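Working notes for the structure below.
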Amino acid sequence: MEDSFNHDQHLLTKEFKDKVISGVMENRPISLITYVMGDHGEAKLKFIIKEVLKKYEKSDLQDLLYTCSKELIMNSIKAAIKRLEFIDTGKDPNNESQYLEFMLSFRDNLTDKKFQFYRDKMKKNNFFVKIKFFFDNQKLILRIINNFPLFKQEEERIKEKFLKAKKYENLFEFYMEHSDNTEGAGMGITMIEILLAQSGFDRRLFTIYSSSESKETVAKVEIPIDPKYVPPKHGFNSGI
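Note that this note's numbering numbers the sequence shown so that position 166 is 166, with each residue one more than the last.
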């Protein structure tokens, strides 16, 4: 994927590149806010990942970090769009039967190509996705943040997906043995766990946390930079 990290850099301004490079050199957290990730946003994401990993001579982790980032960003965008659709349809997301009925239609009709249609609606309703990178000589932490908590039904399904993901060593096994008729097959959670494991990392370095008090949902991936670094012990992966 090295070429894909370089070919779209012409979309970026020198000012943006200089700010990222300066932030990386000074170990300052780097943040992006997006509504629906387009080509320009992807170019920014790739540039940040490339520069951070280059500093620590970990460029071999570019594909891993980009895939995790992109998957979690897309899921976060879908979560925001889902809330817009609940508002428009007037259905109650906390009602089990209404939630299931809504999701059957939502999953079948929403595609990445339709994301751009929701950009203005997301801005109007103040729904956004924040991408934050924290890093030092010991570890790199990726956080993908929605500015709203999970619905009860979402919490339950995420917990189920984390538990089911533990059973699979590769995605082929998952495809063959499991499907979910309401919100997809939990492919994102399973894929990230498998990619971490195949890269030699603990699956528990991927967590999802939701708080009604702070009104946010955070998906976090922690990647050790120093082989001697021991991450804090994590409990149940969902963090819920």
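We put the CB at the ideal spot given by N, CA and C, even for glycine.
Remember, it's a predicted structure, so these values are computed and weren't measured experimentally.
Spell out the partners DSSP gives residue i in its beta bridges.
| i | result |
| --- | --- |
| residue 91 | The partner list for residue 91 (beta bridge, DSSP) is empty, contrary to what the question assumes. |
| residue 219 | 144 and 208 |
| residue 129 | 34 and 146 |
| residue 224 | 139 |
| residue 172 | For residue 172, which the question treats as bridged, DSSP gives no partner whatsoever. |
| residue 201 | In DSSP, residue 201 forms no bridge with anything. |
| residue 134 | 141 |
Which residue marks the beginning of the beta strand (DSSP E) containing residue i, and which one marks its end?
| i | result |
| --- | --- |
| residue 24 | No beta strand (DSSP E) holds residue 24; the alpha helix (DSSP H) holding it covers 14-25. |
Please look up how many angstroms separate the CB atoms of residue i and residue j, rounded, as I've assumed it's under 8 Å.
| i | j | result |
| --- | --- | --- |
| residue 127 | residue 83 | 6 Å |
| residue 143 | residue 220 | 5 Å |
| residue 50 | residue 225 | Contact flag wrong, Cβ pair sits at about 15 Å. |
| residue 34 | residue 131 | 7 Å |
| residue 139 | residue 231 | 7 Å |
Over what stretch of residues does the alpha helix (DSSP H) that includes residue i continue unbroken?
| i | result |
| --- | --- |
| residue 97 | 96-109 |
| residue 114 | No alpha helix (DSSP H) contains residue 114, which DSSP labels as neither H nor E. |
| residue 154 | 152-165 |
Kindly examine the ligand SAH and report whether one of its heavy atoms sits closer than 7 Å to the Cβ of residue i.
| i | result |
| --- | --- |
| residue 84 | No copy of the ligand SAH occurs in the structure displayed, which carries no ligand at all. |
Given 8 Å, three or more beta-carbon pairs between the stretch 148-168 and the stretch 66-74:
Judged by Cβ distances under 8 Å, the stretch 148-168 makes no contact with the stretch 66-74, as fewer than three pairs qualify.
Between the stretch 60-68 and the stretch 192-209, do at least 3 Cβ pairs fall closer than 8 Å?
These segments touch.
Counting pairs of Cβ atoms below 8 Å between the stretch 109-118 and the stretch 165-174, do you hit three or more?
no
Mind listing, in chain order, the continuous alpha helix (DSSP H) runs of no fewer than 4 residues lying wholly within the stretch 14-84?
14-25 and 39-55
Are the stretch 90-109 and the stretch 12-27 touching by the rule of at least three beta carbon pairs closer than 8 Å?
Contact check between the stretch 90-109 and the stretch 12-27: fewer than three CB pairs, one atom from each, fall below 8 Å, which does not count as touching.
Three or more beta-carbon pairs under 8 Å between the stretch 9-23 and the stretch 35-47, yes or no?
Touching, yes, given that three or more Cβ pairs across the two stretches are closer than 8 Å.
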